[in-house]
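Remarks on the structure that follows.
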Amino acid sequence: MSNLIFFFLIIILISFINAPICSSLENPCHFIKHGVIQQKYLEISRPLPFANLTPSCTLPILSHHFGDTIGLPPVSVAYAPPDNCSWNHVALQFNASSNGIQYDRIAAVWLDGADIFRTSTAEPTENGVFWTVTKDVTRYSSLLAKEDISLSVMLENMVNDVYTGVYYVNVTILYYYIEEMNVPLSSISTNRKVRMVDGSLGLNEKPADLIIPISGNNGGEGFWFRIQSDSELKGKSVIIPKNTYKAVMEICVSFHGLDEFWYSNPPDSYIRENSLTSQRGHGSYREVLLNIDRNLVGSVVPFPVIYPGGINPLYWDPIVSIGAFDHPSYDIDITPFLGDLLDGKSHFMGLKVLDSLPFWLVDANLHLWVDKQCTSDCEVQGEVVDYGTPDYELKRSSSFKGLDGSYEVELKRKSQYHGWVNSSAGNLTTTVSRELKFKNEIKFDNKGTEKKVEQKVEEEIEISVVSETGMKISHTTMKREYPLTITTKTSKPSREDGTIIMHSELENEWNEEKKWSDRDSHSCTSSLKNRQKCKGCMSVQDRIVLQGGATTEQSYSYNGEASTYSREIAAVNGKLVHDTANYVKSPSVSAM
């Protein structure tokens, strides 16, 4: 790649080094890659078990080019499910392409105000890039069955004489009807047909009967809430139907601006004492809190999604980082609190981000399951038995001498909530236990030109449902961890021409294990191990990368009840050099 000239978003590296390479957003740096062909980008994930089946029907719902869209509202189109189409599973397909010079951008798809897909774009080249993301959106079936609602897409982009890349987007919805197995998986009924194609039941084993968006009412700036500081609490007041027996809050979040690399931010004291101009501070701890009527009921430390222009843009060609094209969302089971919410009154669901800097985009979807045998004036009864006394410990320490030294932050949070709900299925008590561990350490050496970030998030959630007599109805556990390591080294500027050499390495992982069992000893398990390892080097002069190269390796392994999937893939300097996959699907999944 020595004969290629790249410009790139060097502003991103400021958060990892102290060299004054690009000082302001008003004069940003960018890159042009002189590719010889149009490049296909991809995020590694397991195939949807029904992806190779023929859809019952297909709905191309939106085709739009996002040019200079800064300050414009989302693009909205009318939605209604296709007529004469039987379906019980749905996939959303997001196709995008672009060519020219452009930053990576954040985008989202909302259905009736509910955030059903969040993504970031690839950074285009002169000859163009394109990619496709297919997401299982079956969990939003109650919305997808509605008529006379809107589907909205927002992608804020800037086009001018410098940034020429326009993003061309097509959104298609695919509907499938899949024969399902009559297996006792529900915590309410042991004789209900449920989805078997996913194999990882998560915290909600069947689609909710009702979804209430916890999002902004004014779509002028998107339906998400823009959080600028940790003093802001954004949310919405809602009335929970009186026949609700289960509730799960799905949190959707992405981080931008000064907090795009929050996990690498030094403390404010480091910036102040070294007279640095960077505003990326507040340390490296962030946590999204969920409040109901201003009482804390749950929290999320988000996975460190790295956008396609992040750390070293050469890493993400053509394999993008984990979660870049399909941002993860996070479930919090709030069933134990229904006893306080089934009074027919309005209750405030609020979100905030501790220690945050501008800006975060957050919203949520409240998934509700209702007792369909309890209609009209019928009310499900409930009571919060115990809010518990959550254990919370946050420690920070630092030791700096000039530009060198270290900073460490460690969080431990432990909680347990109990509550019962009396519906047509009986009086059932739900207990949600959670333990969260977070540790982050940042080290600076060699007058701040060398930096190492090490972070690990560990979370364990246990949900048990028991009858009034103490008999186990269901038991679910989920263990999740995501370790992250980033190392950057920057040479002193050359006396001859001011050239700076930058070396960087990155390791990022998402590991998850889920288990479910019921009173009849039926059980399901799933596990996921997803790891990326990157290494790169670039030569920078006057904000221009003269030459550089990068390698990216990824291993992906999923084991579930419906399928197993593994893939090993590697890219060197923008070209795939290795790609092997193995996929075994359960024969029980079939289309009707």
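Residue numbers (mature numbering (1 follows the signal peptide of the UniProt record, and there is no 0)): -24 to -1, 1 to 568.
Just so you know, even glycine gets a beta-carbon here, dropped at the ideal spot from N, CA and C.
Item, Value
"Proximal residues to K419 (C-beta, below 6 Å), its chain only, five neighbours per side dropped", "S382 and K428"
"Where G525 sits in the DSSP three-state scheme", "strand"
"Nearest residue (CA-CA) to W396, options H303, S467 and A223", "A223"
"Environment of Q349 [buried if 16+ CB atoms lie within 10 Å]", "exposed"
"Any non-hydrogen atom of the ligand NAP closer than 7 Å to T311 Cβ", "Judged by which ligands are present, the structure shown has none, so any question about the ligand NAP falls away."
"Per DSSP, the bridge partner or partners of A54", "S126"
"S21 in three-state terms, based on DSSP", "coil"
"Ranges of the beta strand (DSSP E) found wholly within the stretch 281 to 329, counting only runs of at least 3", "305 to 309"
"Cross-strand partners of R389 (DSSP beta bridge)", "Y368 and L412"
"Whole runs of the alpha helix (DSSP H) within the stretch 70 to 122, excluding any shorter than 4 residues", "117 to 120"
"E2 (DSSP reduced to helix, strand or coil)", "Any answer about E2 is weak, because its pLDDT of 29 lies below 50 and its placement is not dependable; what the coordinates show is given next. Reduced to three states, the DSSP call for E2 is coil."
"Expected contact under 8 Å - CB spacing of residue 627 and N133 to nearest Å", "With the chain represented from -24 up to 568, any question about residue 627 goes unanswered, as that position is not in the structure."
"Exposure of P49, with buried meaning 16 or more beta-carbon neighbours within 10 Å", "exposed"
"When T463, V560, G550 and K561 are compared against K16, the one with the closest alpha-carbon", "G550"
"Inter-residue spacing [alpha-carbon to alpha-carbon] between V85 and Y152", "20 Å"
"Status (buried if at least 16 other CB within 10 Å, exposed otherwise) for C354", "exposed"
"Rounded Cβ spacing between V385 and Y261 (contact assumed at less than 8 Å)", "5 Å"
"Residues that A67 bridges to, as DSSP identifies them", "D112 and L150"
"Three or more C-beta pairs below 8 Å linking the stretch 184 to 191 and the stretch 331 to 343", "yes"
"Reference N484; option with closest CA among G525, T464, Q431 and R471", "Q431"
"The beta strand (DSSP E) enclosing R507, as first and last residue numbers", "S499 to Q517"
"V51 versus V441, S230, G89 and A184, residue with shortest Cα-Cα distance", "G89"
"Alpha-carbon spacing of M454 relative to E488, whole angstroms", "7 Å"
"Buried or exposed by the 16-neighbour rule on C-beta atoms within 10 Å, applied to L179", "Low per-residue confidence applies at L179: pLDDT is 39, beneath 50, and the placement is therefore not dependable enough to give any value."
"V553, buried or exposed, once every other Cβ within 10 Å from all chains shown has been counted against 16", "exposed"
"Touch test, the stretch 318 to 332 against the stretch 200 to 216, Cβ-Cβ under 8 Å, three pairs minimum", "yes"
"Sequence-distant residues of its chain with Cβ nearer than 6 Å to P278 (five each side left out)", "V229"
"DSSP-derived helix/strand/coil call for E472", "coil"
"Coil, strand or helix - W200 by DSSP", "coil"
"Pairwise C-alpha distance: P459 and S275", "19 Å"
"Assumed close pair R94, H303 - CB separation to whole angstroms, cut-off 8 Å", "4 Å"
"One or two residues paired with C33 in a DSSP bridge", "Y151"
"Rounded straight-line distance, which links the Cα of V264 to that of S205", "12 Å"
"Run of the alpha helix (DSSP H) containing S440, from where it starts to where it stops", "That residue, S440, is in no alpha helix (DSSP H); its beta strand (DSSP E) goes E426 to V442."
"Rounded straight-line distance, which links the Cα of G233 to that of H40", "26 Å"
"Whole-angstrom distance between Y393 and S440, CA atom to CA atom", "11 Å"
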